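Below is one structure, written out as structure tokens, with a few remarks after it.
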Amino acid sequence: MPRLFFSLIFVFAASIASAAEVTDLYQAQAPAESQTEEERQRLAPDLLKQVVIKVVGDRRAVEQADISALVTDAERYIDQYYYQQILNMDSDPPEQQLMLTLDFNANAINTALQRIGLPVWDKIRPESLIWVAIEYEGNQQLIGEGDEHSLLLQIDKAAKNRGIPLLIPLMDLEDQTQLTFNDVSTGNNTAVKQASERYGASVLVTARLRGNAESTEISWQAILTDDVERWSSQGDVQTAIRTGVDALADHLGRRLNMSISTSGEAELAIQVSGVNDYEGYSRIMDYLESLQAVSDIKVGSLGSESLDLVLFIQAEPERFRQLLSIGGVIQPEINDTTGLQYRLLP
Numbered sequence: 222m223p224r225l226f227f228s229l230i231f232v233f234a235a236s237i238a239s240a241a242e243v244t245d246l247y248q249a250q251a252p253a254e255s256q257t258e259e260e261r262q263r264l265a266p267d268l269l270k271q272v273v274i275k276v277v278g279d280r281r282a283v284e285q286a287d288i289s290a291l292v293t294d295a296e297r298y299i300d301q302y303y304y305q306q307i308l309n310m311d312s313d314p315p316e317q318q319l320m321l322t323l324d325f326n327a328n329a330i331n332t333a334l335q336r337i338g339l340p341v342w343d344k345i346r347p348e349s350l351i352w353v354a355i356e357y358e359g360n361q362q363l364i365g366e367g368d369e370h371s372l373l374l375q376i377d378k379a380a381k382n383r384g385i386p387l388l389i390p391l392m393d394l395e396d397q398t399q400l401t402f403n404d405v406s407t408g409n410n411t412a413v414k415q416a417s418e419r420y421g422a423s424v425l426v427t428a429r430l431r432g433n434a435e436s437t438e439i440s441w442q443a444i445l446t447d448d449v450e451r452w453s454s455q456g457d458v459q460t461a462i463r464t465g466v467d468a469l470a471d472h473l474g475r476r477l478n479m480s481i482s483t484s485g486e487a488e489l490a491i492q493v494s495g496v497n498d499y500e501g502y503s504r505i506m507d508y509l510e511s512l513q514a515v516s517d518i519k520v521g522s523l524g525s526e527s528l529d530l531v532l533f534i535q536a537e538p539e540r541f542r543q544l545l546s547i548g549g550v551i552q553p554e555i556n557d558t559t560g561l562q563y564r565l566l567p
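Heads up, the sequence shown is in this note's numbering, so the first residue is 222 and it goes up one at a time.
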């Protein structure tokens with residue numbers, strides 16, 4: 222069998238203009254040897270820790286906190302559980318594997334994290350647009366939606382485990398015209414940004430992988446507004462991808478998670494322009510009411526194409542404003558210096 226050698230470049234774009242609700246944020250699963258209560262009790266602590274990391278968004282913060290009492294009492298926080306047989310593609314040949322899925326109670330977990338002093342990354346999170354370019358045995362290609370490739374499955378699995386919503390490019394004629402393999406491999410960020418515009422991408426992460434299936438090294442770079450983060454990951458392909466995506470999630474989590482206050486509320490007055498009809502009003506209200514940090518909303522006035530609101534939030538206002546900017550519903554006005562002026566997105 223020939224030795225597999227390849228060069229792989231990923232380009233991630235976490236959209237500031239586009240966000241999605243992570244519906245399985247408080248869910249985790251693991252292989253199970255049986256459906257007994259003893260097996261469920263054995264797996265529950267590790268699965269709860271996975272959920273805590275996903276909810277907090279920062280592994281370092283979780284490791285530095287004392288969550289031992291929380292995970293030891295994991296069964297107390299379970300809402301429901303179920304088993305299913307899935308095809309394990311990691312085995313050779315693929316075989317059926319019994320999986321246990323645990324759904325934990327969101328409110329109970331959030332309350333426990335507040336007591337411990339850990340922040341919470343809201344369930345409304347930026348989508349990640351992923352460009353994948355592969356070089357294998359002299360063949361170069363960009364892969365996207367519709368391509369059946371194990372690398373996409375591995376990326377999706379790693380991102381899902383950390384609560385990062387993914388968006389795979391169509392790689393239709395428009396994408397192929399605007400972006401080439403060489404654009405990605407040479408770091409032509411101008412071309413990457415232009416190709417990403419149709420998806421609303423404005424935060425870019427690149428990663429370059431060299432080696433083979435057994436030993437790889439990926440160099441990563443994330444550009445988030447004016448901040449640039451660089452890191453690397455090593456190991457086999459699966460390990461390198463998982464470690465790299467973990468680091469990306471940590472960086473996003475540190476930027477966007479918030480400490481939810483249990484002692485009091487802060488008031489935040491905002492004005493939203495571009496509200497022309499009831500549909501726009503409903504979009505704004507539905508979005509704000511979905512945010513975990515918002516405890517109440519007072520409508521001040523609805524004027525000519527503008528809406529005045531007072532938000533009662535259980536979070537630090539500056540961190541909360543960062544969250545609003547990535548929700549995909551309202552966006553800060555470009556020339557506003559107060560942080561209180563927003564406009565409704567189409």
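Quick reminder that beta carbons are idealized off the backbone N, C-alpha and C, glycines included.
Since the model is a prediction, treat every value here as computed from it, not as a measurement.
Name the residue from the options whose alpha carbon lies nearest to the alpha carbon of residue i.
i: SER480; options: ARG431, ASP457, GLN535; result: GLN535
i: LEU532; options: ASP313, VAL493, PRO347; result: VAL493
i: VAL496; options: LEU566, ASP467, LEU430; result: LEU566
i: TYR303; options: ALA253, ASP396, MET392, LEU545; result: ALA253
i: ASP471; options: GLN250, TYR247, ASP279, ASP245; result: ASP279
i: GLN415; options: TRP352, VAL458, GLU438; result: TRP352
i: ASP300; options: GLN250, ASN326, ALA333, GLN285; result: ASN326
i: MET392; options: VAL550, LEU363, ILE505, THR257; result: LEU363
i: SER436; options: GLN459, VAL426, TRP452, ILE551; result: GLN459
i: LEU509; options: GLY474, GLN552, ARG476; result: GLN552
i: ARG297; options: ILE330, ALA286, VAL272; result: ILE330
i: VAL466; options: TYR502, ASN478, ARG429, GLY365; result: ARG429
Using DSSP bridges, identify the partner residues of residue i.
i: SER529; result: As written in the sequence, residue 529 is Asp, which differs from the Ser given in the question. Note: ASP529 sits in a beta bridge opposite GLN492, SER522.
i: GLY501; result: Per DSSP, none; premise fails for GLY501.
i: ARG346; result: ALA241
i: TYR563; result: VAL493, PRO553
i: ASP517; result: PHE533
Which first and last residues belong to the alpha helix (DSSP H) in which residue i is found?
i: GLU316; result: It is not in any alpha helix (DSSP H) - GLU316 instead sits in the beta strand (DSSP E) that spans 316-325.
i: THR411; result: 410-417
i: SER482; result: Premise fails: SER482 is in no alpha helix (DSSP H) and is neither H nor E.
i: ASP404; result: 402-406
From which residue to which residue does the beta strand (DSSP E) around residue i run?
i: ASN360; result: 360-364
i: SER453; result: 448-456
i: GLN543; result: GLN543 -> not in any beta strand (DSSP E); alpha helix (DSSP H) instead, spanning 538-546.
i: SER440; result: 437-445
Could you give the distance in angstroms between the alpha-carbon of residue i and the alpha-carbon of residue j?
i: ASN309; j: THR464; result: 21 angstroms
i: GLU395; j: LEU350; result: 16 angstroms
i: VAL341; j: ALA241; result: 16 angstroms
i: GLY201; j: ILE376; result: Residue 201 lies beyond the range of the chain shown here (222 to 567); nothing can be said about it.
i: VAL243; j: ILE345; result: 6 angstroms
i: ASP448; j: TYR499; result: 38 angstroms
i: GLN455; j: ALA290; result: 33 angstroms
i: GLN305; j: ILE518; result: 41 angstroms
i: ASP529; j: PRO315; result: 57 angstroms
i: LEU225; j: ALA434; result: Confidence at LEU225 is low in this model, with a pLDDT of 43, below 50, so the placement of that residue should be treated as unreliable; the coordinate-derived value is given next. So the alpha carbons of these two residues sit roughly 6 angstroms apart.
i: SER546; j: LEU246; result: 21 angstroms
i: ALA490; j: LEU561; result: 7 angstroms
i: GLY549; j: LEU387; result: 15 angstroms
i: LEU211; j: MET506; result: For residue 211 there is no data in the structure shown, the boundaries of the chain being 222 and 567.
i: GLU438; j: GLU488; result: 47 angstroms
Compare the C-beta of residue i against all C-beta atoms of chain D and say whether one is closer than 7 angstroms.
i: ASN478; result: Among the chains of the structure shown, chain D does not appear; only one protein chain is present.
Please give the ranges of any beta strand (DSSP E) in the segment 375-399, keeping only runs that are unbroken, at least 3 residues long and fully inside the region. Within the segment 375-399, no complete beta strand (DSSP E) run reaches 3 residues.
Just list the beta strand (DSSP E) runs in the segment 242-301, keeping only unbroken ones of 3 residues or longer that don't cross its boundaries, in chain order. The qualifying runs are 248-252.
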